[in-house]
Structures are given as C-alpha cells and as structure tokens.
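Numbering (our numbering), first residue to last: 17 to 319. Structure record follows, encoded as structure tokens.
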DNA sequence: CAGTTAACCTGTCAGC
DNA sequence: TGCTGACAGGTTAACT
C-alpha cells in the first residue's frame, strides 16, 4: 500500500497494537524481505527478540518502530507490501514473508504478518541517528512524550526528505530546490530526496488539480504556480487519508485487511479515454519513467 | 556532479 | 484451456 496516505493508514493502525508490546517471536519465511537489514550488528531475529516497541513513526513512505535497544524496526511496503494484525493461530496469509509474535501488556498475544507479493518491500533492524535539523524524525500520532527516539531517525531513512504534511516541512526550501532542478516537475515530485510520500497516483492527481503538464520543467514554475501545486498535493493526500487510502483491489489494505475508498475520487489516474471533469477532453495516458502518466491534454499544457 | 535508466520480483488480466 | 506480453501504487545501484 505504497503512497503516503496508505502508509499512514498502516502506521495509525499499528500504533495502538504495538506500542509497549514486547517481541517474543520472529519467523522468516523469505530472506529476500530482509534485503535492507544491515547484518553487521547482529541477525534480524537476535536484534528483535525480547525488545520492547516504543512507538510507530512514519516519514514519507517509510515506517519504523523504535525499540528499547536504541535501534528501530524499519518497514517499507515497496509496491505490494502489507502489514496485517492477526490473532495467533489464524490461517497463514498468502505470500507471508515474515511474522512477528508480540506480547502486549494489556491486549495479550498478537501476530504481525508482513505480506508482500513482489518482494520490493522489506523489514530491517537499523541503527538510529540524530535528525539533521534537531526536529522530530517523523510523524508518530498522539501520546507525545519527549523521548529520545523522537529526534532520531533510522540511518537508512535519513536521506529521505520530510513529507508535505509534516509540520516541520519547509515550503520555501522545497520551492528553492525546485528552482534548482533541471528536470520535469513529475520527476521532481517523485524524488523522495526533495519531497517524500508522493507516488505515481498522487503525482498525477496533484498535477491534474494544479493544471500542470508532467514534463513542465521544474525550474520554470513561478513561485505562485509551485505554491498552487504544493497546496494541491496536500489537499489530495489529506482527502485520500480521510477516505482510507486508494485501493483498486484487495492488494492495498489496512492492518485489518480493509480497503480504502479514494479510488472513487481519482480524477486522472487510470482514467485515460474518459472525459476530463473540467473540460470534457478525453484524458490521455503516456509512458514516462517506465510507468503511466495520466493527464488532460487541454487543461495541462506544456508552457 | 546531476540526471536518467535498469534491475529487483510475482501476480493478474487481455488477447490470441 | 494455455500461452504470451503488458502492466502494477517504489527504491536504488549503475549508468551517461
């Protein structure tokens, strides 16, 4: 469930279930799902077993669970990852790659199933480093203490930019970065080092809402047009979040296996051949960066 | 150095 | 009913 709204749905579902729980078991069914684990400091199983989980944090599409060891369990869903909470003894999920058994002080035992069809996602235990700006590393919901983990970030996530719904996101820094980019605006929106959390669906939706062609040079956008685009990005991400994310099929679900409803609200993505909701022109799909770009050839002109 | 492409994977679906 | 090819929501290493 890969873009920001879908990952946040997973984070918010995980938070009450895993916070304060202890890891009592680790089962690895497919080693490829540990691709991002850094084995130098110990095996994945050894790093997790017996550790207590302190919170559930997210930046962009990256999720991590800070541990009482000072490290964190980093989760990335890739293109097809799911995190499903199950009652111990439940029938195994299809394409189950990793299972954690947790013991929660009040809720008892729980299975956390990491399911991933394409195996582009991963789980990893990583060291934490201080955030470069001294601000919180990511979004962790309510229940703020002033714990050390808040101001730290897994080392493999440190290069990821803040996302546009992070209160510490700097709009002016983003506009300045765009002005320096010698590439098309969609490529820039998808660059997680510039702004994080946006993927192919929400990039197309935001560009449609802001009436900008995906190949418009990033540096050519006026400050006003860039501000319009950023506002569109935020509006769309927040609406998608409120509707439980985008699901076309059972692939993209929350921790309880339920789908979101935002697919009904998509104006551009996957709508090639259907009329633009503003002008009636038929929407177009073009190949770009090995994926589809969906847009209105009339509303979104290159200029 | 920055920008762009190829590779990593499995499953589903349309067309023959 | 198979078989084949296109396609799928991401990231990063290795190109140019």
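Virtual Cβ for every residue (Gly too), placed ideally from N, Cα, C.
For residue 53 and residue 126, the rounded distance between their alpha carbons: Taking the first chain and counting its residues from 1, one reaches residue 126 at position 110. Taking the first chain and counting its residues from 1, one reaches residue 53 at position 37. Taking the straight line joining both Cα atoms gives about 23 Å.
Boundaries (first-last residue) of the beta strand (DSSP E) holding residue 43: If you number the first chain from 1, residue 43 lands on position 27. Residues 38-44.
With DSSP collapsed to three states, give me the class of residue 163. Residue 163 sits at position 147 when you count from the first residue of the first chain. It is coil, neither helix nor strand.
Buried or exposed for residue 292, please, with buried defined as at least 16 other CB atoms from any protein chain shown within 10 angstroms of its CB. Locating residue 292 in the first chain gives position 276, where the first residue counts as 1. Flag for residue 292 reads buried.
To which residues of the same chain is residue 84 closer than 7 Å at the C-beta, ignoring the five residues directly before and after it? Within the first chain, residue 84 is the residue found at index 68, counting from 1. Result list for residue 84: 67, 68, 70, in chain order.
Give a yes or no on contact between the stretch 115-135 and the stretch 22-42, applying the rule of three or more CB pairs nearer than 8 Å. Taking 8 Å as the limit for Cβ pairs, the verdict is that the stretch 22-42 does touch the stretch 115-135.
Mind reading off the beta-carbon distance from residue 211 to residue 190? Whole number of angstroms is fine, and I expect it under 8 Å. Translated into the one-based positions of the first chain, residue 211 becomes position 195. Translated into the one-based positions of the first chain, residue 190 becomes position 174. So it is a contact: roughly 6 Å between Cβ atoms.
Assuming residue 200 contacts residue 234 (C-beta within less than 8 Å), just tell me the rounded distance between them. Residue mapping note: residue 200 aligns to position 184 of the first chain, counting from 1. Residue mapping note: residue 234 aligns to position 218 of the first chain, counting from 1. Yes, residue 200 and residue 234 are in contact; Cβ-Cβ is about 7 Å, under 8 Å.
Residue 114 versus residue 46 - alpha carbon distance: Numbered from 1 along the first chain, position 98 holds the residue referred to as residue 114. Numbered from 1 along the first chain, position 30 holds the residue referred to as residue 46. Computed Cα separation, rounded: 7 Å.
Range of the contiguous alpha helix (DSSP H) that encloses residue 242: The count along the first chain starts at 1 and reaches residue 242 at position 226. Its alpha helix (DSSP H) spans residues 239-258.
By the 10 Å Cβ neighbour count, where 16 or more other Cβ atoms means buried, how is residue 150 classified, buried or exposed? Against the first chain, residue 150 aligns to sequence position 134. With fewer than 16 other Cβ atoms from the protein chains shown falling within 10 Å of its own Cβ, residue 150 counts as exposed.
First and last residue of the uninterrupted alpha helix (DSSP H) at residue 216: Position 200 of the first chain, counted from the start, is the residue given in the question as residue 216. Note, residue 216: alpha helix (DSSP H), 216-226.
Run through DSSP, which three-state label would residue 271 get? Numbered from 1 along the first chain, position 255 holds the residue referred to as residue 271. DSSP places residue 271 in the coil class of the three-state scheme, outside both helix and strand.
Under DSSP, the alpha helix (DSSP H) around residue 47 begins and ends at which residues? For the purposes of this step, residue 47 is taken as residue 31 along the first chain, with counting starting at 1. Counting along the chain, residue 47 falls outside any alpha helix (DSSP H), and DSSP gives it neither H nor E.
Pull up the distance between the alpha-carbon of residue 31 and that of residue 95, whole angstroms please. One-based indexing of the first chain puts residue 31 at position 15. One-based indexing of the first chain puts residue 95 at position 79. So the two alpha carbons sit approximately 22 Å from each other.
Please classify residue 172 as buried or exposed, where buried requires at least 16 neighbouring CB atoms within 10 angstroms. Counted from its first residue, the first chain places residue 172 at position 156. Buried, since its Cβ has 16 or more Cβ neighbours within 10 Å.
According to DSSP, simplified to helix, strand and coil, what is residue 263? The residue labelled residue 263 in the question sits at position 247 within the first chain. Three-state DSSP puts residue 263 in coil, outside helix and strand.
Report yes or no: do the stretch 222-230 and the stretch 245-260 share at least 3 C-beta pairs separated by less than 8 Å? yes
Can you tell me the Cβ-Cβ gap for residue 306 and residue 25, rounded? I've got them flagged as a contact below 8 Å. The residue you call residue 306 lines up with position 290 of the first chain. The residue you call residue 25 lines up with position 9 of the first chain. Cβ atoms of residue 306 and residue 25 stay farther apart than 8 Å, at about 27 Å.
At the level of alpha carbons, what is the spacing between residue 256 and residue 167? Working through the first chain from its first residue, we reach residue 256 at position 240. Working through the first chain from its first residue, we reach residue 167 at position 151. About 28 Å.
Taking Cβ to Cβ, would you say residue 131 is nearer than 7 Å to residue 79? Numbered from 1 along the first chain, position 115 holds the residue referred to as residue 131. Numbered from 1 along the first chain, position 63 holds the residue referred to as residue 79. No, they are not a contact pair.
Given a cut-off of 7 Å, decide if residue 137 and residue 105 are closer than it, judged by their beta-carbon atoms. By 1-based counting over the first chain, the position of residue 105 is 89. By 1-based counting over the first chain, the position of residue 137 is 121. In this structure, residue 137 does not lie closer than 7 Å to residue 105 by Cβ.
Return the CA-CA distance between residue 229 and residue 241, expressed in angstroms with no decimal places. Against the first chain, residue 229 aligns to sequence position 213. Against the first chain, residue 241 aligns to sequence position 225. Straight-line Cα distance between these residues: approximately 12 Å.
Between the C-alpha atoms of residue 118 and residue 101, what's the straight-line distance to the nearest angstrom? Here the question's residue 118 lines up with position 102 in the first chain. Here the question's residue 101 lines up with position 85 in the first chain. Each residue's Cα considered, the two are about 10 Å apart.
Buried versus exposed, by CB contacts within 10 Å (16 or more), residue 186: Reading the first chain from its first residue, position 170 is the one you call residue 186. Exposed, since its Cβ has fewer than 16 Cβ neighbours within 10 Å.
Have a look at 139, 133, 250, 285 and flag the residue whose alpha-carbon is nearest the alpha-carbon of residue 267. The residue labelled residue 267 in the question sits at position 251 within the first chain. The option with the nearest alpha carbon to residue 267 is 133.
Does DSSP put residue 119 in a helix, a strand or coil? Taking the first residue of the first chain as 1, we reach residue 119 at position 103. Note: residue 119 maps to strand in three-state DSSP.
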